[in-house]
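Protein chains in written order, with our numbering: chain A, 853 to 1011; chain B, 853 to 1011; chain C, 853 to 1011; chain D, 853 to 1011. Every residue gets a Cβ at the ideal spot worked out from N, C-alpha and C, and that includes glycine. If you're wondering where the values come from, they're calculated on a predicted model, not measured in any experiment.
4 protein chains.
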Amino acid sequence: MSQPPYIAVIGPGQAEPPAEAVAEAVGALVARRGGVVVTGGLGGVMAAACRGARRAGGLAVGLLPGTDRADANPHCTVALPTGIGEARNALVVRAADAVIAVSGGYGTLSEIGLALKMGLPVFGLDTWELDPWRLPGPGIRACRTPEEAVDLAFAAARR
Amino acid sequence: MSQPPYIAVIGPGQAEPPAEAVAEAVGALVARRGGVVVTGGLGGVMAAACRGARRAGGLAVGLLPGTDRADANPHCTVALPTGIGEARNALVVRAADAVIAVSGGYGTLSEIGLALKMGLPVFGLDTWELDPWRLPGPGIRACRTPEEAVDLAFAAARR
Amino acid sequence: MSQPPYIAVIGPGQAEPPAEAVAEAVGALVARRGGVVVTGGLGGVMAAACRGARRAGGLAVGLLPGTDRADANPHCTVALPTGIGEARNALVVRAADAVIAVSGGYGTLSEIGLALKMGLPVFGLDTWELDPWRLPGPGIRACRTPEEAVDLAFAAARR
Amino acid sequence: MSQPPYIAVIGPGQAEPPAEAVAEAVGALVARRGGVVVTGGLGGVMAAACRGARRAGGLAVGLLPGTDRADANPHCTVALPTGIGEARNALVVRAADAVIAVSGGYGTLSEIGLALKMGLPVFGLDTWELDPWRLPGPGIRACRTPEEAVDLAFAAARR
């Protein structure tokens, strides 16, 4: 059995309803195309992406920073406490073939940096804009809709 | 949705057919009871446990040491490259509610030590015998059959 | 013996001479005040900061992503291969009481995000400017000189 | 400047006075030969090894499991909180060229397993005896004195 595309959906653990709606749509679209959603397993954008994936019949993975599985949002198919704290951000992106950032705080910024450092494609929906004077590469590809982000992420993941 | 029990099945990446048969039976029994099988994602005992789980309709998670998903055995439902090398052994046991060791080399020994240090229950099927003069606690509970190991692991995981 | 302040000096592994001169001055100033310089152990800004610290008689720590100590720049007092890849970025900032960013690529961006997420003070010398519309807190305190950055970092580390 | 040998001294965080005396002697001998002592940074055997190294004028590194530098024993030259919990055991051995185990609980057992898995030479002073029926390689070389262990560790580290 060959592996499906894995798409990390990253964003803050506390998010406004519009950001959660976007993340839920992203999760659902990834699942409908047969992709696996990877998240940090907590609330906000992470929970919304998992909820979208599960409701669409897909798989949602949560890689938790702490040691307690009960910290996971209730929508994770697979919830894995890592016990390595913020270092788990590197695992979230390492586990992915492409990354979609929705909104974002500092943790999200770190995951964007890690993903770009690893050479992963990153697509953004109302997320950080990176300093254009500093940017060594393509950076975050800004998208307008969940459909556009998921289309581009699947195209990039296939390569 | 509350989370099912997660059972780590640990053992060497190259194993003899009898050890693989035992690991496959363990994977199948865990899956039939609704548990999630967690492994290091590679071959041998890990692949056999995943195969058993998948054939029984269950979920098999592989936490890979390297950065390439293609290293995973073909039976992982979810295959996650971690990129953290042998440090991923700590994640395999941290993600579990109970551990079943089948046969074993040095990596397995390290996972047994990590699990016991974390206070996780460890059940053994033809695996390392720990030095009785050194043992600070219950150590590995030796089992005779996959059924016995899975029964005890589920009972321990529920606590 | 109580521990001295630990200051992470973060920046790209390949840097222009002016950035290296700034990093070397930062390393020297940290060492002269009795601080320990923590870096990712490789070249560019990391090597320059270590060189500055060593020449001033101080301690320079390098936390390497790979498994080979020979990857370290020659100025590390203590060079530690971690074998955990980009996840070591979390260790570099976790080991620090304050962070000084000099220039920077994507790895540096990830360390800035991780440090701010952990609540560590971050001081910048010609580094990333963070999107002001997204910033949830103080972000990076921009400094004009190595002296200013080191003064502020020591003041923040003491708290 | 080329790097000196790094010797991990592993053992329990709570130890009897004889084990601490052995660990302190090991730390001192490593330091006198110009080696760097690497430990998990906590008490018991770890603290004793660091104390021996410091009193002999050497360097002692502590890689802590938690996020607070104040957890370190007072003899660490360099104390690094990693925040990755028991996964730091992999870093302690990965940072070393050879490993000396003194006494030992489950954490020590895990480090022995990780070191042997990584192909590192492991020397033991009154530590775990490994199941001879299971042993795939040389295992732990049992030593009778700190001098013997340090002699063999330096010879092995040089290769």
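Using three-state DSSP, classify residue i as helix, strand or coil.
i: ILE964(C); result: helix
i: ALA1007(B); result: helix
i: ALA880(C); result: helix
i: GLY976(A); result: strand
i: ALA950(C); result: strand
i: LEU943(A); result: helix
If I'm right that residue i touches residue j with Cβ under 8 angstroms, what's the distance once you round it to whole angstroms?
i: THR919(C); j: GLY935(C); result: 4 angstroms
i: GLY886(C); j: CYS902(C); result: Actually they are not in contact, since the Cβ atoms of GLY886(C) and CYS902(C) sit about 16 angstroms apart, beyond 8 angstroms.
i: ALA1005(A); j: PHE975(A); result: 5 angstroms
i: VAL944(A); j: LEU972(A); result: In fact, because the Cβ distance is near 11 angstroms, the residues do not count as touching under 8 angstroms.
i: GLY965(D); j: GLY965(B); result: 6 angstroms
i: ASN941(A); j: GLY957(A); result: The pair is not a contact, with the Cβ atoms about 12 angstroms apart (cut-off 8 angstroms).
Quick check: residue i and residue j, are their CB atoms within less than 9 angstroms of each other?
i: ALA860(B); j: ALA939(B); result: no
i: ALA875(C); j: GLY896(C); result: yes
i: GLN866(B); j: ALA924(A); result: no
i: ASP983(C); j: ASP983(A); result: yes
i: LYS969(D); j: SER955(B); result: no
i: ARG906(C); j: THR929(C); result: yes
i: ARG1010(A); j: THR979(C); result: no
i: ALA899(B); j: PRO857(B); result: no
i: GLY904(C); j: ALA877(C); result: yes
i: ALA953(D); j: LEU916(D); result: no
i: ALA871(C); j: GLY863(C); result: yes
i: PRO933(D); j: ARG946(C); result: yes
i: GLU981(C); j: ILE992(C); result: yes
i: ALA922(C); j: ALA883(C); result: no
So who's on the other strand from residue i, going by DSSP bridges?
i: GLY914(C); result: THR891(C) and ALA931(C)
i: LEU987(C); result: Its beta-bridge partners do not exist; DSSP assigns none.
I'd like the span of the beta strand (DSSP E) that includes residue i, first residue to last.
i: ALA860(B); result: 858 to 862
Alpha helix (DSSP H) containing residue i: first to last residue?
i: ALA901(C); result: 896 to 907
i: GLU993(D); result: Checking the sequence, you will find Arg at residue 993(D) rather than Glu. Where ARG993(D) is concerned, there is no enclosing alpha helix (DSSP H), although the beta strand (DSSP E) it sits in stretches over 992 to 994.
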